[in-house]
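*Asks:* Below: one structure in C-alpha cells.
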Amino acid sequence: MAKILIIVAQQNFRDEELNEPRRLLSAAGHVLVIASVNAGICKGMLGMDVTAELSASEARQRVEYFDMVVMVGGSGASALADDKDVIELLRKAKAQDKLMGAICIAPTVFAKAGVLEGKKATVYKTPEAIKILQQGKAIYIPQRVVVDGKLITADGPQSATEFGRELVKLLQK
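The opening position of the sequence shown corresponds to residue 88 in this note's numbering, with each subsequent residue numbered one higher.
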C-alpha cells in the first residue's frame, strides 16, 4: 500500500484526469491525499468539487511521507508553476527519487520545476506546451502516455485511464 500525493489546481483542474487515476489507485489499495495551493475546496472544469486536505506548503514539508507525487492537468494547472511551494515540492520529490506522474498541461509545471531534464515526456499537444517541455530539457515524445523510469506523463483527458493504469503498474515494480 503506497501513499500518493495528488496535486490539483484550486480552480479548473480536469475532472477525469483526477477521477480515473484516483479510481484505479484506490482500487489497488493505495492511500491518496489531495493537495492544492491552499487546503479546501477545489473546482473542476466540468463541475466537480474536491477537497484538498493539504496546502502545497504543508505537502512540501511532508514529501518524504509519500511514495508517489501526481499532478492533474486542466486549464488551471498552469498557474501551479507560479507557486513556489508547488515548485519546491516537485524538486524535493525528484531529489528524494519519488515516483512521479503528470497529465495534460501538468508536465509543463514539472518542466518549469526542472524535474524533466533528460527525461522522455509527453504533454497536451500545443506548440507552447511542447516548447516549455523542451526548454525544461525534456525529450518530447508525441505519444498518449510516456514512461521513463520513475516518471509517467500523459497528454490529456482521453489518456486518463491509461495514465492511471501506468501509475498502478509503476507502484507494483
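Beta carbons: idealized from backbone N, C-alpha and C, even for Gly.
Whether or not the stretch 221 to 238 and the stretch 193 to 205 are in contact is what I'm after, with contact meaning three or more pairs of Cβ atoms, one per stretch, closer than 8 Å; do they touch?
*Replies:* These segments touch.
*Asks:* Hey, out of 168, 211, 245 and 256, whose CA is closest to residue 238's CA?
*Replies:* Of the listed residues, the one whose Cα sits closest to residue 238 is 256.
*Asks:* Kindly indicate which three-state DSSP category residue 190 falls into: helix, strand or coil?
*Replies:* Three-state DSSP puts residue 190 in a strand.
*Asks:* Do you know offhand how far residue 195's Cα is from residue 175's?
*Replies:* Going by the C-alpha atoms only, they are around 15 Å apart.
*Asks:* Going by DSSP, name the residue or residues bridged to residue 132.
*Replies:* Residue 132 pairs with nothing; no bridge assigned.
*Asks:* Tell me the rounded alpha-carbon separation between residue 164 and residue 179.
*Replies:* Going by the C-alpha atoms only, they are around 19 Å apart.
*Asks:* From 247, 242, 251 and 129, pick the residue whose C-alpha is nearest to that of residue 214; which is it?
*Replies:* Ranking 247, 242, 251 and 129 by Cα distance to residue 214 puts 242 first.
*Asks:* Check residue 125 in the structure and name its three-state DSSP category.
*Replies:* Residue state, collapsed to three classes: coil.
*Asks:* Quick one: Cα of residue 117 to Cα of residue 189, how far?
*Replies:* The alpha-carbon atoms of residue 117 and residue 189 are separated by roughly 18 Å.
*Asks:* Could you give the distance in angstroms between the alpha-carbon of residue 181 and the alpha-carbon of residue 154?
*Replies:* The alpha-carbon atoms of residue 181 and residue 154 are separated by roughly 11 Å.
*Asks:* With respect to the beta strand (DSSP E) encompassing residue 100, which residues constitute its N-terminal and C-terminal limits?
*Replies:* Segment 98 to 100, the beta strand (DSSP E) holding residue 100.
*Asks:* Nearest by alpha-carbon distance to residue 140: which of 95, 132, 107 and 151 is it?
*Replies:* Measuring from the Cα of residue 140, the nearest candidate turns out to be 95.
*Asks:* Can you check which of these residues, 132, 173 and 210, is closest to residue 92 by C-alpha distance?
*Replies:* With distances taken between Cα atoms, residue 92 lies closest to 173.
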